[in-house]
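In the numbering used here, the protein residues as written are 135 to 439. Yeah, the Cβ is synthetic: ideal placement off N, Cα and C, and Gly gets one too. Since this is a predicted model, take the numbers as computed values, not measurements.
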């Protein structure tokens, strides 16, 4: 099988495709024939050797990526809730960008993909989806709330704004003006980020919750507007001004993925894809992701040759 990996920390140039034997599942594991693998910022933060890698004790050589969707093609001893032929999506830590991957179902979330949801979109729901779901849940958003989503057009933000709207909240989302039309279609009050953002928020009547997906400007604006610390979450710079991130409990993640998949399958939740590449072009896709301002998700299609 093909596997994307890196032997040292560095930029996308350190990523290489190698040929390896197919892995075999052990007890409590299943093997997935990977059809699609979505990119996340944490991927490049790991292979470039930032704190995202060192804090987890990760050292190369190692694989790349987390988010997969495909079909179970082998089942280890003791696994009874999944069978060969099941369509699934979920987490495969540092082993997503490869033709086949083994998942320990006791420690990593892997759920069935419903009819109506293709593998490309399913793969986009794992890290971004569970993060958006957990953040909106932590903020306890509902009717009468106004939430600022800073970075509303990114992989997490674009899902968070929709989930917040589904709960009845008013959403103010910051994004590049070229992405405003799509946000408006979701029912979002779209505003530019950058200089003058606080004044623009005040002109809209302020906010009473903040979901920060990029940097710290949203949290800083929330503080200036008197938003309580417990009504703010931040995922890009955790701990800024004492604001917490989101939980990643396995049980909660599985429930979140199942709910998100159902919403995406029936068309309630839009899952925008910014681009699809083959495995041989994954390093270029990571360069694009590292440059920022990607609307939606970038995905590797493992079936493309």
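Presumed contact (8 Å Cβ cut-off) between residue i and residue j, rounded CB distance
i           : j           : result
residue 386 : residue 274 : So it is not a contact: roughly 15 Å between Cβ atoms.
residue 215 : residue 181 : Not really, about 32 Å apart at Cβ, beyond 8 Å.
residue 137 : residue 197 : 6 Å
residue 302 : residue 277 : 4 Å
residue 295 : residue 320 : 6 Å
Beta-carbon gap between residue i and residue j smaller than 8 Å
i           : j           : result
residue 409 : residue 432 : yes
residue 256 : residue 203 : yes
residue 271 : residue 304 : no
residue 290 : residue 324 : no
residue 222 : residue 169 : no
residue 313 : residue 343 : no
residue 285 : residue 348 : yes
residue 191 : residue 231 : no
residue 407 : residue 254 : yes
residue 164 : residue 208 : yes
residue 429 : residue 149 : no
residue 399 : residue 251 : yes
residue 376 : residue 367 : no
residue 282 : residue 356 : yes
Range of the contiguous beta strand (DSSP E) that encloses residue i
i           : result
residue 235 : 234-238
residue 280 : 280-284
residue 151 : 149-153
residue 264 : Here residue 264 belongs to no beta strand (DSSP E); instead the alpha helix (DSSP H) covers 261-272.
Outcome for residue i when other beta-carbon atoms lying within 10 angstroms are tallied against a minimum of 16
i           : result
residue 175 : buried
residue 158 : exposed
residue 237 : buried
residue 201 : buried
residue 241 : exposed
residue 322 : buried
residue 438 : exposed
Spatial distance of residue i from residue j (CA atoms)
i           : j           : result
residue 152 : residue 178 : 19 Å
residue 93  : residue 247 : Residue 93 is absent from the structure shown; the chain starts at 135 and stops at 439.
residue 172 : residue 228 : 12 Å
residue 226 : residue 243 : 8 Å
residue 316 : residue 404 : 10 Å
residue 260 : residue 381 : 14 Å
residue 218 : residue 362 : 49 Å
residue 143 : residue 434 : 21 Å
Unbroken alpha helix (DSSP H) run spanning residue i, endpoints
i           : result
residue 139 : Run containing residue 139: none in the alpha helix (DSSP H); it sits in the beta strand (DSSP E), 136-140.
residue 210 : First-last for residue 210: undefined, no H or E at that position.
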